[in-house]
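Peer 1:
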Amino acid sequence: MHLFIKRCKQSLSVCGPRQNLCGPQQILCGPQKRLHTPNSNTNLAVEQPLYEIISAMETIIPDTMNAITMRLRQVGDIVNIAPSVPKHVSESIMNCVEEALKPLGITDLNSLFWIIHPGGPAILNQAEEKLQLDKEKLAMSRKVLADVGNLSGPTVLFIMDEMRKKSAAEGKATTGDGFEFGMLLAFGPGISVEALLLRACSI
Numbered sequence: 001m002h003l004f005i006k007r008c009k010q011s012l013s014v015c016g017p018r019q020n021l022c023g024p025q026q027i028l029c030g031p032q033k034r035l036h037t038p039n040s041n042t043n044l045a046v047e048q049p050l051y052e053i054i055s056a057m058e059t060i061i062p063d064t065m066n067a068i069t070m071r072l073r074q075v076g077d078i079v080n081i082a083p084s085v086p087k088h089v090s091e092s093i094m095n096c097v098e099e100a101l102k103p104l105g106i107t108d109l110n111s112l113f114w115i116i117h118p119g120g121p122a123i124l125n126q127a128e129e130k131l132q133l134d135k136e137k138l139a140m141s142r143k144v145l146a147d148v149g150n151l152s153g154p155t156v157l158f159i160m161d162e163m164r165k166k167s168a169a170e171g172k173a174t175t176g177d178g179f180e181f182g183m184l185l186a187f188g189p190g191i192s193v194e195a196l197l198l199r200a201c202s203i
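Next comes the structure, spelled out in structure tokens:
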């Protein structure tokens with residue numbers, strides 16, 4: 001998954017001296033697939049998870065091989081996103097969400113918290129329209145896009161952290177803006193679409 005493999009070198013660098021052999025999945029997830037915010041002083045014996053993965057699915061949108069490209073050059077990753085990407089995403093996003101929500105039978109999408117990778121304003125706008133989400137549902141995705149831009153795969157971790165902080169500041173019961181369940185959507189070359197059904201943990 002892009003969430004785990006993207007920026008492997010950077011992910012490994014956040015480990016402390018006793019953790020320098022752990023991989024990205026072990027940094028981000030404990031044995032019960034619960035997501036942790038990694039830092040150099042993480043003590044899994046006392047720190048609590050923030051979100052739990054309930055289900056996950058991935059698909060590739062047909063005929064979009066060159067819509068998002070990433071090439072490694074001496075100056076770093078060169079990313080090209082075609083203008084057609086928001087349209088491709090909006091046409092495929094509902095099927096991905098419905099498939100990810102099958103285990104719980106959830107149909108009211110506004111009963112969830114939402115973390116959508118902000119590849120750009122147009123992607124968020126089209127996703128919001130297609131999923132018929134209330135305006136505030138993508139507030140954290142828009143905030144992170146405005147504050148730090150598109151940081152590739154790790155951007156969703158920034159959104160999760162912003163949602164956690166907002167939930168705590170407003171006295172919400174869970175890390176998911178008070179909701180128990182939520183959806184995380186991310187997009188990458190392919191175009192690949194990844195959907196995670198999350199359970200927020202109590203604050």
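Residues in the sequence shown are numbered consecutively from 1, following UniProt numbering.
Note that beta-carbon positions come from the ideal geometry of N, C-alpha and C, so glycine has one too.
Just checking, does the stretch 155-170 make contact with the stretch 89-108 on the three C-beta pairs under 8 angstroms criterion?
Peer 2: With a cut-off of 8 angstroms, the stretch 89-108 and the stretch 155-170 do not count as touching, because too few Cβ pairs lie within range.
Peer 1: So, do the stretch 107-119 and the stretch 128-143 have three or more beta carbon pairs nearer to each other than 8 angstroms?
Peer 2: Touching, yes, given that three or more Cβ pairs across the two stretches are closer than 8 angstroms.
Peer 1: If you count every other CB in all the chains shown that lies within 10 Å of the CB of Glu97, and 16 or more means buried, which is it?
Peer 2: According to the sequence as given, residue 97 is Val; it is not Glu. Answer is buried; the Cβ neighbour count reaches 16.
Peer 1: Would Pro49 and Cys201 be called neighbours here (beta carbons separated by less than 8 angstroms)?
Peer 2: Taking 8 angstroms as the Cβ cut-off, Pro49 and Cys201 qualify as a contacting pair.
Peer 1: Using beta-carbon positions only, say whether Gly149 and Ala186 come within less than 8 angstroms of one another.
Peer 2: For Gly149 and Ala186, no; Cβs fall outside 8 angstroms.
Peer 1: Quick check on the burial criterion: 16 or more other C-beta atoms within 10 angstroms. Buried or exposed for Asp177?
Peer 2: Label assigned to Asp177: buried.
Peer 1: Please return the same chain residues whose Cβ sits closer than 6 angstroms to the Cβ of Ile191, not counting the five positions on each side in sequence.
Peer 2: Once the five neighbours on either side are set aside, the close Cβ partners of Ile191 are Ile61, Thr64, Ala67, Ile68, His88.
Peer 1: What's the C-alpha gap between Ala82 and Val46?
Peer 2: Their backbone Cα atoms lie some 45 angstroms apart in a straight line.
Peer 1: Thinking C-beta only, is Asn110 closer than 8 angstroms to Lys137?
Peer 2: Contact: yes.
Peer 1: Could you pull out every residue in the same chain whose Cβ sits closer than 7 angstroms to the Cβ of Leu101, ignoring the five residues on either side in sequence?
Peer 2: Taken in chain order, the residues that qualify are Leu197.
Peer 1: Taking the Cβ atom as the reference point for each residue, do Val79 and Ile123 lie within a distance shorter than 8 angstroms?
Peer 2: No, Cβ-Cβ distance for Val79 and Ile123 is not below 8 angstroms.
Peer 1: Taking just the CA atoms, how far does Asp77 sit from Ile54?
Peer 2: Using only the alpha carbons, I get a separation of about 32 angstroms.
Peer 1: Nearest-angstrom Cα distance between Ala56 and Leu184?
Peer 2: Computed Cα separation, rounded: 9 angstroms.
Peer 1: Return the CA-CA distance between Asn95 and Ala168, expressed in angstroms with no decimal places.
Peer 2: Each residue's Cα considered, the two are about 32 angstroms apart.
Peer 1: Do you know offhand how far Val156's Cα is from Arg73's?
Peer 2: Their Cα atoms are separated by approximately 24 angstroms.
Peer 1: When the Cα of Pro118 is compared with those of Leu133, Leu145, Asp108, which residue comes out closest?
Peer 2: Comparing Cα-Cα distances from Pro118 to each of Leu133, Leu145, Asp108, the minimum goes to Leu145.
Peer 1: In the DSSP assignment, the alpha helix (DSSP H) including Asn95 goes from what residue to what residue?
Peer 2: Run containing Asn95: 85-101, per the alpha helix (DSSP H) assignment.
Peer 1: Let me know the beta strand (DSSP E) ranges lying completely inside the stretch 157-195, each 3 residues or longer, listed in chain order.
Peer 2: Those beta strand (DSSP E) runs which fall completely within the stretch 157-195 and span 3+ residues are 181-188.
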